[in-house]
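Those letters in the sequence shown? Residues 1 to 71, by the UniProt record's numbering.
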Amino acid sequence: MKTGKNVKIKEMNTKNNVKIVHYIDKVGTIVGKRIISCNDTVPIIEFEDCTRIWIFSKELEVISSEKYTEL
């Protein structure tokens with residue numbers, strides 16, 4: 001996934017981290033990527049409150065290809 005795309009967390013494989021579960025169904029923007037093992041990379045998502053988390057691509061739903069700006 002490319003940076004700048006708006007995405008929504010549609011599911012999570014783990015429900016252990018209460019702080020991250022809070023972001024299910026919230027829209028964020030891909031701002032980078034993280035290497036988690038050998039050649040596996042995952043997107044880093046930033047939300048309106050400036051929180052950044054990494055999550056597997058299969059747990060995301062792409063909302064748009066670019067970030068909307070309000071005038």
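Glycine included, every Cβ here is placed at the ideal spot set by N, Cα and C. Owing to the predicted nature of the structure, the values given are computational and were not obtained by experimental measurement.
By the 10 Å Cβ neighbour count, where 16 or more other Cβ atoms means buried, how is residue i classified, buried or exposed?
| i | result |
| --- | --- |
| Gly4 | exposed |
| Val42 | buried |
| Val21 | exposed |
Helix or strand or just coil, what does DSSP make of residue i?
| i | result |
| --- | --- |
| Glu11 | coil |
| Ile20 | helix |
| Lys26 | coil |
| Glu48 | coil |
Considering only the alpha carbon of each residue, which of the options lies closest to residue i?
| i | options | result |
| --- | --- | --- |
| residue 72 | Cys38, Arg52 and Glu11 | Because the chain spans 1 through 71 in this model, residue 72 falls outside it and cannot be assessed. |
| Asn17 | Asp49, Val62 and Ile55 | Ile55 |
| Arg34 | Asp49, Met12 and Ser57 | Ser57 |
I'd like to know whether the C-beta atoms of residue i and residue j end up nearer to each other than 9 Å.
| i | j | result |
| --- | --- | --- |
| Asp25 | Ile9 | yes |
| Lys2 | Ile30 | yes |
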